[in-house]
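With the first letter of the sequence shown counted as 1, position 119 gets the number 119 in the UniProt record's numbering; the numbers rise by one all the way through.
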Amino acid sequence: MADRNLRIRVLMEGADRLTRPMREAAAGSGRLAQTLKATRDRLKDLEAAQASIGDFRQLKTGLADTERKMAQAQARTARLGRELAQTENPTKKLRAEFERARRESANLSTQHQQQSARLQELRGRLSAAGVSTRDLVAGERRLRTEVGATTEQLREQERRLQQVTDRARRFADAQNRFSRLQGTATGLAAGGMASIGTGMAIAAPLTVAVEGSMEFQSVMTDINQKVNQSREAGRLMGLDLRKAALAVNQFPADLQKGVDTLTGFGLGAREAVDMMTPIGRAATAYKAEIDDLGKATFAAHDNLKVPIEQTGKALDIMAQAGKSGAFEVKDMAQYFPELTANMQSLGSRGIPAVADLAAALQITRKGAGDAAGAATNLQNLLSKINAGDTIKNFAKFGIDIPAAMKKAAKDGRSPIEEIVRLTQQATGGDQAKLSSLFGDMQVQQALRPLMSAFSEYQSIRQDALTATGTVNTDFADRMNDDAEKVKRLQIQAKNLSTTLGDQLRPTVGAISDRFSQWGGRIAAVAERHPNLTRAAAVAAGVLATLFIVVGGGAIVLAGLVAPFAALSAAATLLGIGMLPLIGITAGVMLGIGLLAGGAYLLYSNWSGITAWWDDLWTRVGQRIDAAINYLRSIKMSDIGRYLIDGLIAGIQAAFPNLTAMITKIGTMLPAGLRKLLGIHSPSRVFAAIGGHVMAGLDQGLADNASNPLTRIADLSGQMTRALAVGASSAAIAAAPVAAQSPTGQPGAGSDSAPAAAPATYNLHFHGVTGDPQDIEDAVARAIEKIERDRRGRGFGDNGD
C-alpha cells in the first residue's frame with residue numbers, strides 16, 4: 001500500500017513539474033498584468049514602510065525633545081506657582097509669567113500626546129509590515145533588501161509584459177497585413193469575376209437572340225423544304241407568323257410547329273398560315289395544344305372536306321358544343337382525327353359533320369368515365385355500323401343497314417342520328433335488347449345515352465351549327481387574365497429577341513463563313529506543307545500554353561496571395577524575416593516533390609517491382625513448404641526436446657549479458673532515483689516516506705492491537721505459572737507447545753482457524769536463583785528467543 005502511494009506521489013510530482021511551465025505560459029497577459037499590479041502594490045507598501053521608519057525615528061526624536069521641554073515647562077510652572085502662593089500680593093508681572101508658563105506647559109503636554117499617538121500609530125504600521133521598533137536597523141535593512149528584490153521582480157515582470165505587448169502588437173500587425181493582402185486578393189478575384197459576369201451578362205441576351213433566330217430560321221427551312229418554297233418566301237412567312245403570334249397570344253415557335261405539322265400533312269404554306277390564326281386563337285381561349293388543334297382541324301378539312309376558310313366556323317361549333325357538355329375543345333382536338341375518318345366512311349361531310357361529332361361526344365361522355373372513354377365508345381359505334389354482324393342482326397328486324405345509311409347520306413341526314421333512329425326502331429326503345437344488335441359493350445355504352453338523351457343531342461347539334469364568333473368571344477375574355485397579359489409580354493420579348501437575332505445572325509454567319517474559308521485555306525496549306533504545319537502546331541501549342549498560364553495566373557494570383565499573406569503574418573508575429581518561412585515552405589514543397597517523384601518511379605517501374613515481389617514470395621513459399629515438410633518428418637517428442645534444449649541454450653548464452661545488465665541497472669538505479677525524486681543527503685523525500693511508513697505502522701497497530709495484547713496477556717499468565725514450577729535449575733530451555741483445540745486435538749493453522757486459542761509455552765529454568773532480577777532476565781531472554789525463531793520462519797508460517 002505504501003509503495004503504491006509512493007508511486008502515485010512520484011508520478012503526480014513528475015506530471016506537475018512537466019506541466020508547470022505550460023500552465024504558467026497559458027496564464028496569458030491578463031494574469032501577468034494582475035501580477036504586475038500586485039508587485040507594484042507590494043513595492044508601494046515597502047516604500048511606505050521605509051518612509052514610516054524615517055517618520056518613526058524623527059517622531060521619536062521629536063517626542064524626546066517635547067518630553068524634555070514639557071518637563072522644563074512643568075517645573076517652571078510649579079516653581080512660579082509656589083512663588084505666587086507664597087507672595088501675599090503677587091505682582092501683575094508674576095501672574096502673567098505664571099499664566100504664560102502654564103499655557104506653555106499645557107501646549108507641550110498636548111503636543112506630547114499627539115506625538116505619542118502618532119508614534120503608536122507608526123509602531124502599529126511597522127509591526128504590520130513585520131518591522132520591530134526595538135530593532136529598526138534590522139527592519140530597515142530587511143525592507144531595503146525586499147525593496148531591491150521587489151524592484152527587480154517588477155522590472156522582470158515589466159520586461160515580460162513588454163514581451164507580451166510586443167507579441168500582441170506583432171500579432172495585430174500580422175493580422176492587419178493579412179487582412180490587407182486578403183482584401184487585395186478578394187478585390188482581384190471579385191473584380192475579375194465581376195468583369196467576367198458583366199461580359200457574360202451583356203453577351204447572354206445577344207447569344208440567346210442569335211440562337212433563337214437561328215433556330216427559327218432552321219424550322220422555316222424545314223417548312224420551305226416541305227412546301228417547296230424559296231428562302232425569301234419562308235422569311236416572309238416567318239414574319240407573318242410572328243405577327244400572328246401576337247394576335248393570338250401564342251409564342252411564334254408554337255405557331256411555327258403547328259404550321260410544320262400542317263405542311264407535313266401535305267397542306268400548302270399559305271393555307272397552313274391561314275388556318276393557324278383561328279387555331280391559335282382557340283388554343284389560347286381554351287388552353288388547348290396548338291399541335292392537337294392543328295391535327296383536328298386538318299382532319300376536319302381532309303376527312304370531312306371542311307374548307308380552310310371555314311376553319312374558324314368549325315372551331316366555333318366545337319367550342320359551342322363543348323359549353324353544352326363535359327367533352328371540351330381540348331379533348332375534341334385530341335380525338336377528332338380518328339373520329340372524322342370514321343365519319344368520312346359513313347359519307348358525312350362539311351360543317352354539319354363537325355357539329356354531329358361534337359354533339360354526339362357530349363352525350364356519350366355521360367355514359368363514360370372520362371373523355372377518352374367517350375371517344376372510344378363513339379369510335380366503336382361508328383366503326384361497327386357497317387360491320388357484318390351488325391348487318392345480319394338488323395336484317396332479322398327487317399332493316400337493311402347499308403341501304404339505310406346510304407339513303408341518309410344522300411338526304412344529308414347525320415349517320416349518328418340515323419343509327420340511333422334505326423336502333424330504336426329495332427328494339428322498340430328497349431335498351432335491354434341492344435345486345436341482340438351489337439355484341440360490343442362499348443357500342444352499347446355509346447348508344448344507351450344517345451337513345452336516352454336523343455333530343456338533347458339534337459339540341460346541342462343545332463346550337464353548335466348556329467354558333468358564330470364563339471371562339472373570338474372566349475379569346476377576348478381569356479385575354480383579361482393576368483397570366484395571358486404576362487404571356488403577351490413574354491411573346492413580345494421573344495419577338496424582339498428574334499428580331500435582334502435576325503440583325504446579328506448574318507454577321508455571325510458571315511464571320512463563321514469567313515473563318516471557315518480561312519480554315520479551308522489553312523487546311524489546304526497544311527496538306528501541301530506538312531513540316532511547316534507541324535512547326536506551326538507546336539508554336540500554337542506553346543502560345544496557347546503561354547496564354548493559359550498567364551491567364552490562369554491572373555486568376556490564381558488571388559489564391560496565391562492568401563498563402564503569402566499567411567506567411568507574412570506569421571513572420572510578423574514571430575518577429576522574423578520572410579526568408580526562414582520561405583525556406584521552410586520550400587523544404588515542404590521539396591519533400592512533396594520527392595514523394596511525388598518516388599511515386600512516379602514506383603509507378604513507372606511497377607512491372608519490375610511486381611516481378612521481384614512474385615519471385616521473392618515464391619522463394620519464401622518454398623522455404624515455408626520445406627520447413628513444414630521437415631516438421632512433418634520428425635516426431636512431436638523430438639520437437640519438444642528441441643524446444644527445451646534451445647530455450648536452455650538461449651538462457652545460458654544470454655545469462656552473462658543479463659547479469660551484467662542487472663549490475664548496471666543496480667549501479668544506475670540509486671543515481672536515477674535520486675535525480676528523479678530530488679533526493680539529497682539527508683533525503684527529504686525518504687524522510688517523508690519514513691513518516692508515511694510510521695503513520696501506516698501506527699494505523700496497522702491501531703487496527704490490530706487486540707491480538708498482540710491478548711497474546712501478551714496469555715504469555716504473562718503462562719510465565720507466572722511457569723515461575724512457580726521451580727527456579728533452581730542451572731540453565732533455561734524453552735520450547736513452544738502447539739495450541740490445543742477445545743476437543744484436545746492440535747489446532748489448525750492460521751489460514752484455516754484464525755480464531756484458534758493462543759499458543760502455550762512450557763519454560764524450564766536451570767541454574768536460576770530465586771533473585772527476582774535473575775528470573776526476569778531469564779524470562780526475557782527466553783521470550784526473545786521464541787519470538788526470534790518465530791519471525792525467522794516467515795510471515796506465512798502458522799502460529800504468527
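Virtual Cβ for every residue (Gly too), placed ideally from N, Cα, C. Bear in mind the structure is a predicted one, so any value in this text is a computation, not a measurement.
Helix, strand or coil at residue i [DSSP, three-state]
| i | result |
| --- | --- |
| Ile385 | coil |
| Met479 | coil |
| Val725 | For Val725, the predicted model reports a pLDDT of 45, less than 50, meaning its position is unreliable; a value from the coordinates is still stated below. In this structure, Val725 counts as coil in the three-state DSSP scheme. |
| Ile786 | helix |
| Val306 | coil |
| Thr150 | helix |
| Glu158 | helix |
| Thr498 | helix |
| Thr145 | helix |
| Arg123 | helix |
| Gly650 | helix |
| Asn605 | coil |
| Gly234 | helix |
| His529 | coil |
| Arg76 | helix |
| Ser52 | helix |
| Leu437 | coil |
| Asp474 | helix |
| Arg349 | coil |
| Thr618 | helix |
| Ala229 | Looking at the sequence provided, one finds Gln at residue 229 rather than Ala. Three-state result, Gln229: coil. |
| Glu215 | helix |
| Gly541 | helix |
| Gly412 | coil |
| Asn249 | coil |
Buried versus exposed call for residue i [16 or more other C-beta atoms within 10 Å across all chains shown]
| i | result |
| --- | --- |
| Thr618 | exposed |
| His529 | exposed |
| residue 801 | Only positions 1 to 800 of the chain appear in this structure, which leaves residue 801 out of reach. |
| Asn531 | exposed |
| Ile491 | buried |
| Lys307 | For the record, residue 307 in the displayed sequence is Pro; it is not Lys. It counts as exposed. |
| Ser459 | exposed |
| Phe515 | exposed |
| Gln362 | buried |
| Glu309 | exposed |
| Gly501 | buried |
| Arg461 | buried |
| Gln225 | exposed |
| Val259 | buried |
| Tyr457 | buried |
| Met589 | exposed |
| Ala403 | exposed |
Residue-level contact to chain C via CB, residue i, 8 angstroms cutoff
| i | result |
| --- | --- |
| Ser459 | In the structure shown, chain C does not exist; there is a single protein chain. |
Endpoints, the alpha helix (DSSP H) within which residue i is located
| i | result |
| --- | --- |
| Asn342 | Val329 to Ser345 |
| Thr91 | Counting along the chain, Thr91 falls outside any alpha helix (DSSP H), and DSSP gives it neither H nor E. |
| Ala446 | Met441 to Ser452 |
| Phe397 | No alpha helix (DSSP H) contains Phe397, which DSSP labels as neither H nor E. |
| Val273 | Ala269 to Tyr286 |
| residue 803 | What is shown of the chain runs 1 to 800, which leaves residue 803 out entirely. |
| Val131 | No alpha helix (DSSP H) holds Val131; DSSP gives it neither H nor E. |
| Thr423 | Pro415 to Thr427 |
| Arg365 | Looking at the DSSP string, Arg365 is not in any alpha helix (DSSP H), and its letter there is neither H nor E. |
| Asp316 | Thr311 to Lys323 |
Check: residue i C-beta below 7 angstroms from any heavy atom of the ligand COA
| i | result |
| --- | --- |
| Gly412 | The model depicted lacks the ligand COA and carries no ligand whatsoever. |
Quiz item: Below 8 angstroms, can you find three or more Cβ-Cβ pairs linking the region 371 to 381 to the region 445 to 460?
Solution: yes
Self-check item: Three-pair Cβ contact test at 8 angstroms for the region 286 to 298 versus the region 327 to 343
Solution: yes
Quiz item: Does the count of Cβ pairs from the region 378 to 392 and the region 317 to 327 closer than 8 angstroms reach three?
Solution: no
Quiz item: Do the region 476 to 491 and the region 411 to 426 touch if we need at least three Cβ pairs shorter than 8 angstroms?
Solution: no
Practice problem: Tell me, please, whether the region 395 to 404 touches the region 461 to 471 by the rule of three or more beta-carbon pairs shorter than 8 angstroms. | Solution: no
Practice problem: Would you check if the region 76 to 84 and the region 44 to 56 touch, i.e. whether three or more CB-CB distances between them fall below 8 angstroms? | Solution: no
Practice problem: Determine, using beta-carbon pairs with one atom in the region 403 to 413 and one in the region 344 to 352, whether at least three such pairs fall under 8 angstroms. | Solution: Taking a cut-off of 8 angstroms on C-beta distances, the region 403 to 413 touches the region 344 to 352, as three or more cross pairs fall below it.
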